[in-house]
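Data block below; observations after.
Protein chains: 2
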Amino acid sequence: MGTCLGVLTLEGLSVNAYQGKSMQIHLHQTHHTIADFQAINATLLSTLERPGLHVFPELYLTGYPLADLCLTAPFIQTYLGFLKTLNNAVVSMKKNDQTAALVGGLAYTLSDEGVPHSIRNVIFEVIPGQELRELYSKRLLPNYDIFDEQKYFTPGTEPAVWSWQGKRLALMICEDMWASSFHKLDPARDLATLKPFDGVINLSASPYDVAKGDKRRDRARVLSHLLEAPFFYVNRVGGEDEILFDGASFAVNGDETLGMAPQFLAHTLSMELSPKTQYTTPSTLLENTWESLFAPRFSANKSFPRQLQEWSDEECASVALALQFSLQEYAGKNKFKKFLVALSGGMDSALVLTLAKLSLRPGQEIEAVYMPGPYSRSISWDYSLELCQRLGLKLTSLPIKFLHSNVRMSFQNTFPEPFEGLTDENVQSRLRGMLIYTRSNQTGAMVINTSNKSEIAVGYSTQYGDAVGAYSLLGDLYKTEVYRLAVWLNQNHAGLIPAGIIERPPSAELKPNQTDQDSLPPYPRLDAILEGILSFRHRREDLVAMGFSEEEVKRVFHLYSIAEYKRRQFCPIAKIKAKSFGFGYRVPLTKHTGFYQ
Amino acid sequence: MGTCLGVLTLEGLSVNAYQGKSMQIHLHQTHHTIADFQAINATLLSTLERPGLHVFPELYLTGYPLADLCLTAPFIQTYLGFLKTLNNAVVSMKKNDQTAALVGGLAYTLSDEGVPHSIRNVIFEVIPGQELRELYSKRLLPNYDIFDEQKYFTPGTEPAVWSWQGKRLALMICEDMWASSFHKLDPARDLATLKPFDGVINLSASPYDVAKGDKRRDRARVLSHLLEAPFFYVNRVGGEDEILFDGASFAVNGDETLGMAPQFLAHTLSMELSPKTQYTTPSTLLENTWESLFAPRFSANKSFPRQLQEWSDEECASVALALQFSLQEYAGKNKFKKFLVALSGGMDSALVLTLAKLSLRPGQEIEAVYMPGPYSRSISWDYSLELCQRLGLKLTSLPIKFLHSNVRMSFQNTFPEPFEGLTDENVQSRLRGMLIYTRSNQTGAMVINTSNKSEIAVGYSTQYGDAVGAYSLLGDLYKTEVYRLAVWLNQNHAGLIPAGIIERPPSAELKPNQTDQDSLPPYPRLDAILEGILSFRHRREDLVAMGFSEEEVKRVFHLYSIAEYKRRQFCPIAKIKAKSFGFGYRVPLTKHTGFYQ
């Protein structure tokens, strides 16, 4: 709700021929599976029964991201058929000048053979009793990291102002609001030449990122000042494989926040189109540079060597919510009702099981399996059992010792090479991978991967062993962040995770008395180096200057660069940061690695 | 060598102020690992000792494709350091107006913090005794399928004509010659306004594709006519994970071919800058449309139902060469000296082993392992043994029967669910995956995957089972193409593959009397449907109109659409077609699949 002072309202009125009539705006952060046209249609049509201006997210009509789907004939024809059906339904509605919707969708230009000549990411006007009408084509197409929009879409060339009920509304789609000096084009500045406006509307599909914080609102405030009108931002909700859209739609007017929708929930944020407030010309537009997008989050206290900035309680809460949401999205949309977690007695699998259990919905089940090997310590079983008891889950033991010794014997009888070292370690991990998937075959359960980002970065895992899984929950969390989240979770959920699991030194238990720190730098140092490499794309000398030793930096670069092949075959990772492994991370396997040294 | 008639030469002279001096042109289709700056430097400098114009491929100085590497500081700094070293070496050479090189490389504009503001894909002029000089920035940046150049590069805005030794040479980089009506820009037509030229030079990094045939030369001929000058095309050689660059550099002059370099071999094609010939204005530029790029190759005889066009002997030879090259590239650049193949007694693994054996180089070894399970037929061992004897390889048997019954027992004692069906089948496959990787751990051998494109498309494989491997040799060959290649190979290599392997019905041997055709349409039909889906992006009704039954098309769409998660975790596939699974194939796992039905 706007709470502007009358005097400022008057200012708005005088400039803007503001007609004093109230207008309800509804920001619908919707939640649909990609290409679920029936549900998309039903939601939109039922919404039109309510008066006011309804705003839906970017590509509401199709879902996002579609990647190659938007090029395939079955998708295109079905979508175009749906558009026609929708159009007919809208046209046949009773004319009504109290209701309109702004809806994101695709506009196709096809060749005679049905091949797309151009695809535009557009805003449709939907008004009862009228034909659907294209109002605006997205101008700034993001093409970095996970974004490939220039691969698929043709950019629009003109800004758009839409008039309805006597109001002038500026239209934008997502990235249009994020131009920086890296771009040749700034849709916001172009709009500024078309003032005055009664409002600015942005339809977004903007991925979640724990460090994003208030960036969207900060930017919207700047644009509200620049364009001298309230700014309405509606964002998609959904988990699409690795990408999480968190909603969190909002409206701001100058420095004031008018309303804020929750994260990760379908929601409608309704308010009146607020009158103008006092705007100040922004001295500079907030920059959305490479640095601001991908800057690593080092500790502010400039510790030496540098450390990762520790997550606040709010950030932990946000990450926990995001991870539970991502799991339920992947499971729900892919029709899994059961989950399966291989517990090791260590931190990662304990956190995965706990998060999964906390996320459970009616009708869902979760199963935990413990697969002890020859070097598993009995305390690992005790901890695992204790965790399961606290979570109210049964724990099943499925030992690999006999299989392991059988494989060993068979190899010793067949091949001359010794059965030792990595061979002996990896076979244990792969037997577990085989067993957990055999169990998954029996029950149809979805296997949740338990790797963390530190392991994935340095290849500290066994391909087809502990690296298996349908979906990775912790693959964007460094090991130190896994601990941080576990501690936070315990503080907020009655200490569900046994303290011993958090306190014991991490170990793969693949040989006697093994700990991770035998072969890796201590995690606080490792994680800081990795963040330097991955997010800031640092060189060795940059990292040495930050207090790390030549040797450890060199070793981490080496481990990182030879683990690419493992990452290539890894499952989708819930993405909670600007820079993650997965689709937005593209590095050739085959290369000379001298430049890392 | 040009073989132009004197009279045509005269015509060239009169139009073009051709000075009658001969100029040697050397097209260097080089072969280096990405970022192997030392080798790249050495090759270039030693080349400059020989007079003439030396032309190197697109991005010769870095390698291609780099993906995110070109954004990372360690790569950028090392490359810029190398450029400086190269420049110093060239400047310090004795001045020499008989020698010049045109070399593909990257040009960076960095922010003060070293962040790339723009990266251009350029041609450098390299002349002994002079500073390196940027001549041209690639204008048409491919951004479809495996190409993401608009993600990384800023396009050039101007055509470039380079004068040397009194000759006017038009410059292009790869895609610049492939504009179509889909593009807003046509660099070739822009160049045409700058005639006359003495030659046109195109530096390329153009991937291999068995169906490409003479497309490059056909296009070059059209442009030679359009620009009224001989056309020199130099292409990269190299296997970069899945992408294969085949070289096959050439020169044409009007309708005449002046020279042709071999495929998949580093080579220098030398010739004189040929004089002009008779050119005819092309009535239309050959179109490089979506259809021509991705058209499926159905049989020309319009059989009903349609069938895939069978490979000619020349195409089989080309594919066999490409696959052997790809294997050696992946192994060589990633430092593998040993290969490991799991033989099943079936067609795919037999072909993989045979191709791998034929590709072997001195110092390399290959090992074959046969892992019989409870449903393996003894004839499978006999065939496998016979194949190994013909190839001069030892075959080791590593039975899974005991492990399999042990897993079954353990599950029957632990869980109430039956151990049968897919559970029982997949465990056999996963035990084999585990064993072959255990063997790989012992010897450091590279496991070659044996899946074919038909299996990958319909998910007829076990994740972490027969789907394991470092590299897939047959993942871009449909099953019918696997057979075709095997038959061709036998005709040309003294029947290495036992006829029985080619003739027996395909079976996974995971249950009694199982054959692939129990659960899949006959391969000739399946493969044609799949090509329709994948390359032509057909709808169900399109395929039904081509003679397939509703039921089988529906079933294939269903199997295809639910197998996405298996493809996501698959290894790199040697890419031999325009449309392949892998990096250039991007389909969300999570979606409503109603549009396929």
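Protein chains in written order, with this note's numbering: chain A, 45 to 641; chain B, 45 to 641.
In this text, a Cβ means the ideal position worked out from N, Cα and C, and glycines have one as well.
Computed from a predicted structure; not experimentally measured.
Exposed or buried, what is B:Ser624 when buried is set at 16 or more other beta-carbons lying within 10 Å of its beta-carbon?
-> Position 580 of the second sequence holds residue 624 of chain B. Burial call: buried.
A:Glu202 (DSSP reduced to helix, strand or coil) = By one-based count along the first sequence, residue 202 of chain A stands at place 158. DSSP, read as helix, strand or coil, puts A:Glu202 in coil.
Show which residues of chain A have a CB atom less than 8 Å away from the CB atom of B:Asp112.
-> For the purposes of this step, residue 112 of chain B is identified with residue 68 of the second sequence, where counting begins at 1. Chain A residues near B:Asp112: Tyr629, Arg630, Val631.
Near-chain B residues of the stretch 189-218 of chain A - C-beta to any C-beta below 8 Å = Cβ contacts with chain B come from Asp192, Gln194, Lys195.
Are the C-beta of A:Lys379 and some C-beta of chain B separated by less than 8 Å?
-> Here residue 379 of chain A refers to the residue found at position 335 of the first sequence. Chain B contact via Cβ: absent.
So, is A:Phe639 buried or exposed, given that buried needs 16 or more other C-beta atoms within 10 angstroms?
-> Taking the first sequence and counting its residues from 1, the one referred to as residue 639 of chain A is at position 595. A:Phe639 comes out buried.
Can you give me the start and stop residues for the beta strand (DSSP E) that A:Phe289 sits inside?
-> Taking the first sequence and counting its residues from 1, the one referred to as residue 289 of chain A is at position 245. From DSSP, the beta strand (DSSP E) with A:Phe289 extends over 287-290.
Status (buried if at least 16 other CB within 10 Å, exposed otherwise) for A:Asn165 = Locating residue 165 of chain A in the first sequence gives position 121, where the first residue counts as 1. Buried.
Could you tell me which residues DSSP puts in a beta bridge with B:Met216?
-> The sequence position of residue 216 of chain B within the second sequence is 172, counting from 1. Answer by DSSP bridge pairing, in chain order: B:Asn246.
Taking the continuous beta strand (DSSP E) assigned at A:Gly96, which residues delimit it?
-> Locating residue 96 of chain A in the first sequence gives position 52, where the first residue counts as 1. From DSSP, the beta strand (DSSP E) with A:Gly96 extends over 96-99.
Taking only the alpha-carbon atoms, compute the straight-line gap between A:Asp258 and A:Asp80 and give it to the nearest angstrom.
-> Locating residue 258 of chain A in the first sequence gives position 214, where the first residue counts as 1. Locating residue 80 of chain A in the first sequence gives position 36, where the first residue counts as 1. Answer to the nearest angstrom: the Cα atoms are 31 Å apart.
Collapsed DSSP secondary structure at A:Arg164 in the structure displayed = The residue labelled residue 164 of chain A in the question sits at position 120 within the first sequence. Three-state result, A:Arg164: strand.
Identity of the residues DSSP links to A:His72 by a beta bridge = Position 28 of the first sequence, counted from the start, is the residue given in the question as residue 72 of chain A. Beta-bridge partners of A:His72 (DSSP): A:Thr312.
Using a C-beta to C-beta distance shorter than 9 Å, which residues of chain B count as neighbours of A:Thr183?
-> Along the first sequence, one-based indexing puts residue 183 of chain A at 139. A small fix is needed here, since residue 183 of chain A is Arg in this sequence, not Thr. Chain-order list of chain B residues neighbouring A:Arg183: empty, with the shortest C-beta distance near 15 Å, by a criterion of under 9 Å.
Reducing DSSP to helix, strand and coil, say where B:Tyr515 ends up.
-> Counting from one through the second sequence, the residue named residue 515 of chain B turns up at place 471. Strand, per DSSP.
Going by DSSP, what residues sit across from B:Pro251 in a beta bridge?
-> The residue given as residue 251 of chain B occupies position 207 in the second sequence. DSSP lists B:Phe289 as partners of B:Pro251.
Could you give the distance in angstroms between the alpha-carbon of B:Leu185 and the alpha-carbon of A:Tyr567?
-> Indexing the second sequence from 1 puts residue 185 of chain B at position 141. Indexing the first sequence from 1 puts residue 567 of chain A at position 523. Cα atoms of B:Leu185 and A:Tyr567: separation of roughly 42 Å, rounded to the nearest angstrom.
Cut-off 6 Å between Cβ atoms - residues of its own chain near B:Thr559, not counting five sequence neighbours on either side | Here residue 559 of chain B refers to the residue found at position 515 when the second sequence is read from its first residue. Correct list, in chain order: Pro549, Ser551.
A:Cys615: contacting residues in chain B (beta-carbon distance under 9 Å) = What you label residue 615 of chain A is simply residue 571 of the first sequence in a count that begins at 1. Within chain B, the residues near A:Cys615 are Tyr609, Arg612, Gln613.
B:Ile78: contacting residues in chain A (beta-carbon distance under 9 Å) | Stepping through the second sequence from its first residue, residue 78 of chain B is reached at position 34. Those within 9 Å of B:Ile78 in chain A are Pro632, Thr634, Lys635, His636.
Does DSSP classify A:Gln307 as helix, strand or coil?
-> For the purposes of this step, residue 307 of chain A is taken as residue 263 along the first sequence, with counting starting at 1. In this structure, A:Gln307 counts as strand in the three-state DSSP scheme.
Between A:Pro274 and A:Ser318, which are expected to be in contact by the criterion C-beta below 8 Å, what is the C-beta distance as a whole number of angstroms?
-> As a working note, residue 274 of chain A is residue 230 in the first sequence. As a working note, residue 318 of chain A is residue 274 in the first sequence. Correct: roughly 5 Å between the Cβ atoms.
Selection of the stretch 361-390 of chain B by Cβ proximity to chain A, strictly under 8 Å | Glu373, Tyr374, Lys377, Asn378
Using a Cβ cut-off of 7 Å, which residues of the stretch 429-459 of chain B contact any Cβ in chain A, in chain order?
-> Thr440, Leu442, Phe446, Leu447, Asn450, Val451, Ser454, Phe455, Thr458, Phe459
Report the option in A:Gln456, A:Thr482, A:Ser454 whose CA atom is closest to the CA atom of B:Gln456.
-> Residue 456 of chain B sits at position 412 when you count from the first residue of the second sequence. Closest option to B:Gln456, Cα to Cα, is A:Thr482.
Can you tell me where the beta strand (DSSP E) with B:Gly257 in it begins and where it stops?
-> For the purposes of this step, residue 257 of chain B is taken as residue 213 along the second sequence, with counting starting at 1. Element bounds for B:Gly257: n/a, residue is neither H nor E.
Using a beta-carbon distance below 8 Å, is A:Met478 in contact with chain B?
-> Indexing the first sequence from 1 puts residue 478 of chain A at position 434. By this cut-off, A:Met478 is an interface position.
Just checking, does the stretch 116-135 of chain B make contact with the stretch 260-267 of chain B on the three C-beta pairs under 8 Å criterion?
-> no
Residues that A:Tyr481 contacts on chain B, provided the C-beta gap is smaller than 9 Å | The count along the first sequence starts at 1 and reaches residue 481 of chain A at position 437. Near A:Tyr481 (Cβ distances below 9 Å), the residues of chain B are Asn470, Val471, Arg474, Thr506, Gln507, Tyr508, Gly509.
With distances taken from CA atoms, which of A:Leu447, A:Thr487, A:Leu466 is nearest B:Pro460?
-> By one-based count along the second sequence, residue 460 of chain B stands at place 416. The option with the nearest alpha carbon to B:Pro460 is A:Thr487.
Go through its chain and collect everything with a Cβ distance to A:Pro172's Cβ below 7 Å, but skip five positions before and after it.
-> As a first step, residue 172 of chain A is located in the first sequence; it is residue number 128 there, counting from the start. Excluding sequence neighbours, A:Pro172 sits near Leu92, Val134, Met137, Lys138, Lys139, Asn140, Thr143.
How would you label B:His227, buried or exposed, when you count the other beta carbons within 10 angstroms and need 16 or more for buried?
-> Here residue 227 of chain B refers to the residue found at position 183 when the second sequence is read from its first residue. Label assigned to B:His227: exposed.
Under the three-state reduction of DSSP, which class applies to B:Ala273: helix, strand or coil?
-> Along the second sequence, one-based indexing puts residue 273 of chain B at 229. Looking at B:Ala273 - three-state DSSP - the assignment turns out to be coil, as it is neither helix nor strand.
Return the Cβ separation of B:Leu247 and B:Phe126 in integer angstroms, given the expectation that the two are a contact with Cβ distance under 8 Å.
-> Here residue 247 of chain B refers to the residue found at position 203 of the second sequence. Here residue 126 of chain B refers to the residue found at position 82 of the second sequence. About 19 Å separates the beta carbons of B:Leu247 and B:Phe126, which is beyond the 8 Å limit, so they are not a contact pair.
Any residues in the stretch 114-130 of chain A with a beta carbon nearer than 7 Å to a beta carbon of chain B? Which ones, in chain order?
-> Look at the stretch 114-130 of chain A: the residues with a C-beta under 7 Å from a C-beta of chain B are Leu115, Thr116, Ala117, Pro118, Phe119, Gln121, Thr122.
Nearest to A:Leu521 by alpha carbon, out of A:Arg474, A:Glu547, A:Leu578, A:Asn534?
-> Along the first sequence, read from residue 1 onward, the residue named residue 521 of chain A stands at position 477. Of the candidates A:Arg474, A:Glu547, A:Leu578, A:Asn534, the residue whose Cα lies closest to the Cα of A:Leu521 is A:Leu578.
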